[in-house]
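Structure first, commentary second.
2 protein chains.
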Amino acid sequence: MQGQEILPAIAAHLLDSARANGGKAPSERDLAEYFSVSRGQVREALAILESMQVIERRAKSGIYVNTDKSGFEAMAFFARAGIPLENRQIYEAVEVRKIHEIKAAELAAVRATDEDFERLQDVLERSEQRIAAGEGIDALDQEFHLQIVRATQNTLFLSICTSFYELGRQRLEVYFRDPERNRKSHEEHKQIYEALVKRDAALTSALMVSHLRGVMSYWTELLEPHAPGS
Amino acid sequence: MQGQEILPAIAAHLLDSARANGGKAPSERDLAEYFSVSRGQVREALAILESMQVIERRAKSGIYVNTDKSGFEAMAFFARAGIPLENRQIYEAVEVRKIHEIKAAELAAVRATDEDFERLQDVLERSEQRIAAGEGIDALDQEFHLQIVRATQNTLFLSICTSFYELGRQRLEVYFRDPERNRKSHEEHKQIYEALVKRDAALTSALMVSHLRGVMSYWTELLEPHAPGS
DNA sequence: CGACTCAATCTGGTATTACCAAAATGGAAC
DNA sequence: GTTCCATTTTGGTAATACCAGATTGAGTCG
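Heads up: the protein sequence lines correspond to chains A and B, in order. Numbered by the working numbering, the letters in the first sequence go through residues 98 to 327 in order. Numbered by the working numbering, the letters in the second sequence go through residues 98 to 327 in order.
Next up, the structure:
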């Protein structure tokens, strides 16, 4: 635990401590000692966590962890840090991600440039190679979907969707262990690409809907115990 | 500049310095002296800005500002800090916000609870009072729209949309200086509310589309010089 | 026993000082 | 003009000290 990112470690420790202590986290000095770093380092990490609304620092009182807060920034950070999310958060993220990707497909069909098409085709070719070699296309799947978002020419849109992908990266790897899923996913990607080239927004969008239905059901199936929304 | 948030000030100063200096920002020591704070304070602010990808800190080299980076977190922060955005960023934000709100209206029609309806009605009543008193409903407008998002029962969705509102708050105030706009906006809000109560998702969504067309055109008109996406 | 009081303690907020080592710099040597 | 090396600059990190409000707990009073 040296010279490296202590932020994730501190975040995880704060969450644990707070859970066992009614929202109250250890003091800065305790944290510094626990992680064998200076108080300054701890304060830098806490400043970031506070900016993400993960914690609240009350002067002369202590550090309090915002439970249940599911801010976008915080979720993206947790995902990146490998801190597990609650089922409800995953449900919500899946839903919001679907909304984004479907709309992105629609917009991309209208706005995609020649370079966008080239990049998509490149991803498809590399996917083909990996499938032929019996390897998973999890990274390529991400590239394909994000490239479509990029084709909307809206960088803010891309920024948000990129964060969503970080949310589900780990599960994606598991998903693409199954060769059949790889093949099916790739076929659907090709169909979506064809619809994009035709600039058929409605068709692209519809294909994306059904494509995501398949992929996303994998997530929600894993969470079955916890009933949706209600 | 004491005891208070120096983060916005430092952010603004970094952006200025970098613009005039090819991406390179002053050193931590210079910043500390410039703002009359300790280096520790500067480092806390820089840590936050780095976590938002606004800057990059290269060890033993310097602080570099990521120009053109339009990450979601950074934009929300800039808006909150009162740092002006570029036209392109505003365009993108308006587009993404529209996508969210339209979909939110659709989902809310299906999922809104009795409490949601009560809160919406409350907002409408208060709006009525303010309009009768000849006051602007800018804050209520925000409440209304966010309450609809809240009615989707998706807290992540709400978190994202809340950030979007921060993006346009200042312009909203100006917009609602016009009594006619207040009246028209309120009328449309009432129509949307009626559609929601009927749980008519398609109608709610359609009404939101036309409502936003009116409101949003105000933004884009202000930016005319920069042509839209294509 | 309970409620109140007040001093000791804890805590975040801030500043100062000091080192380290790698990067950047600038001038000397070729 | 190029190469090379010593000096300076810079971010990264630690240790220490104070402040003042919040918290706590012991002691006191009713």
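Backbone N, C-alpha and C fix where the C-beta goes; we use that ideal spot for every residue, glycine too. Since this is a predicted model, take the numbers as computed values, not measurements.
Requested in this report: State whether the segment 215 to 227 of chain B contacts the segment 277 to 288 of chain A, with contact taken as three or more CB pairs (one from each stretch) at a distance under 8 Å.
Outcome: Touching, no.
Query raised in the report: Taking just the CA atoms, how far does Phe241 (chain A) sit from Phe273 (chain A)?
Result: For Phe273 (chain A) and Phe241 (chain A), the distance between alpha carbons rounds to 14 Å.
Report task. Have a look at Glu203 (chain B) and Phe214 (chain B) and give me their C-alpha separation to the nearest angstrom. Result -> The C-alpha of Glu203 (chain B) lies about 15 Å from the C-alpha of Phe214 (chain B).
Query raised in the report: Can you check whether the CB of Phe132 (chain B) is closer than 8 Å to the CB of Arg194 (chain B)?
Result: The answer is no: Cβ separation not under 8 Å.
Report task. Would you check if the distance between the CB atom of Leu112 (chain A) and the CB atom of Ile199 (chain A) is smaller than 8 Å? Result -> Going by C-beta atoms, Leu112 (chain A) is not nearer than 8 Å to Ile199 (chain A).
**Report entry** Rounded C-alpha distance that separates Val191 (chain B) from Asn251 (chain A)
**Finding:** Those two C-alpha atoms are separated by around 11 Å.
**Report entry** Nearest to Leu253 (chain B) (by Cα), restricted to the options A:Ala248, A:Ala115, A:Lys157 and A:Ser167
**Finding:** Nearest of A:Ala248, A:Ala115, A:Lys157 and A:Ser167 to Leu253 (chain B), Cα basis: A:Ser167.
Query raised in the report: Do we get a CB-CB distance below 8 Å when we pair Ala200 (chain A) with the residues of chain B?
Result: It is Lys, not Ala, that sits at residue 200 (chain A) in the sequence shown. Closer than 8 Å: yes.
Query raised in the report: Quick one: what's got a C-beta closer than 8 Å to Met149 (chain A)'s C-beta in the same chain, skipping five residues either side?
Result: Closer than 8 Å at the Cβ level, and outside the excluded window around Met149 (chain A), lie Gly168, Glu170, Ala171 and Phe174.
Report task. Taking all protein chains shown into account, decide if Thr301 (chain A) is buried (16 or more other Cβ within 10 angstroms of its Cβ) or exposed. Result -> Within a 10 Å sphere around the beta-carbon of Thr301 (chain A) sit 16 or more other beta-carbons, which makes this residue buried.
Query raised in the report: Between which two residues does the beta strand (DSSP E) carrying Ile160 (chain A) extend?
Result: Where Ile160 (chain A) is concerned, the enclosing beta strand (DSSP E) stretches over Gly159 to Val162.
Query raised in the report: Is DSSP giving Glu240 (chain B) helix, strand or coil here?
Result: DSSP places Glu240 (chain B) in helix when its eight states are reduced to three.
Query raised in the report: Does the segment 263 to 277 of chain A touch the segment 227 to 239 of chain A, meaning 3 or more C-beta pairs lie closer than 8 Å?
Result: Segments in contact, yes.
Query raised in the report: What residues in its chain sit with their C-beta under 6 Å from that of Ala109 (chain A), if we drop five residues either side in the sequence?
Result: Setting aside the 5 residues that flank it on each side, Ala109 (chain A) is surrounded in the same chain by Ile180, each with a C-beta closer than 6 Å to its C-beta; the list follows chain order.
Requested in this report: Compute the Euclidean distance between the alpha carbons of Glu102 (chain B) and Ala142 (chain B), then round it to the nearest angstrom.
Outcome: Put simply, the backbone Cα of Glu102 (chain B) is about 9 Å away from that of Ala142 (chain B).
Query - Proximal residues of chain B, C-beta to C-beta of Ala144 (chain A) below 7 Å - result: For Ala144 (chain A), the chain B residues whose C-beta falls within less than 7 Å of its own C-beta are Glu141, Ala144 and Ile145, listed in chain order.
Query raised in the report: Closer than 8 Å, CB to CB, is Ile257 (chain B) near chain A or not?
Result: The beta-carbon of Ile257 (chain B) is placed less than 8 Å from the nearest beta-carbon of chain A.
**Report entry** 8 Å Cβ shell around Leu255 (chain A) - same chain, five flanking residues per side excluded
**Finding:** Residues Leu243, Val246, Arg247 and Thr249 of the same chain have their beta carbon placed closer than 8 Å to that of Leu255 (chain A), with the five preceding and five following residues left out of the count.
Requested in this report: List the residues of chain B whose Cβ lies closer than 9 Å to the Cβ of Gln186 (chain A), in chain order.
Outcome: Within chain B, Thr252 and Leu253 have C-beta atoms less than 9 Å from the C-beta of Gln186 (chain A), given in sequence order.
Query raised in the report: What number of angstroms, rounded off, separates the C-alpha of Arg126 (chain B) from the C-alpha of Arg136 (chain B)?
Result: Straight-line Cα distance between these residues: approximately 6 Å.
Query raised in the report: Between which two residues does the alpha helix (DSSP H) containing Glu153 (chain A) stretch?
Result: First-last for Glu153 (chain A): Ile152 to Arg155, but that is the beta strand (DSSP E), not the alpha helix (DSSP H).
Report task. Look up Ala122 (chain B) in the DSSP assignment and give the residues it is bridged to. Result -> The partner list for Ala122 (chain B) (beta bridge, DSSP) reads B:Ile160.
**Report entry** Interface residues of the segment 222 to 234 of chain B facing chain A [CB-CB below 8 Å]
**Finding:** Under the 8 Å Cβ criterion, the segment 222 to 234 of chain B contributes no residue.
Query - Any C-beta of chain B under 8 Å from that of Glu102 (chain A) - result: Not one chain B Cβ lies under 8 Å of Glu102 (chain A).
Report task. Counting only runs of 4+ residues fully inside the segment 144 to 224 of chain A, write out the alpha helix (DSSP H) ranges in chain order. Result -> Within the segment 144 to 224 of chain A, the runs of alpha helix (DSSP H) that reach at least 4 residues and sit entirely inside it are, in chain order, 169 to 178 and 184 to 208.
**Report entry** Length of the line joining the Cα atoms of Leu104 (chain A) and Val139 (chain A)
**Finding:** In this structure, the alpha-carbon of Leu104 (chain A) lies about 8 Å from that of Val139 (chain A).
**Report entry** CA-to-CA distance, Ile196 (chain B) to Asp275 (chain B), given in whole angstroms
**Finding:** C-alpha separation (whole angstroms): 26 Å.
**Report entry** Whether Asn163 (chain A) touches Ile145 (chain A) by CB criterion (8 Å)
**Finding:** The Cβ atoms of Asn163 (chain A) and Ile145 (chain A) lie no closer than 8 Å to each other.
Query - Asn279 (chain B) classed as buried or exposed, judged by whether at least 16 other C-beta atoms fall within 10 angstroms - result: Buried, by the Cβ-count rule.
Query - Contact belief for Glu263 (chain B) with Arg177 (chain B) at Cβ below 8 Å, rounded distance in angstroms - result: Yes, they are in contact, since the Cβ atoms of Glu263 (chain B) and Arg177 (chain B) sit about 5 Å apart, within 8 Å.
Report task. Indicate whether at least one CB of chain A lies closer than 8 Å to the CB of Glu285 (chain B). Result -> With 8 Å as the cut-off, Glu285 (chain B) does not count as an interface residue toward chain A.
Query raised in the report: Should Met172 (chain A) be flagged as near chain B, meaning a C-beta pair shorter than 8 Å?
Result: Closer than 8 Å: yes.
Query raised in the report: At least one CB of chain A closer than 8 Å to the CB of Phe85 (chain B): is that the case?
Result: With chain B running from 98 to 327 in the structure shown, residue 85 (chain B) is simply not present.
Query raised in the report: Name the chain B residues whose beta carbon is nearer than 8 Å to that of Ile152 (chain A)?
Result: At a beta-carbon threshold of 8 Å, none of the residues of chain B lie near Ile152 (chain A); the nearest stands roughly 13 Å away.
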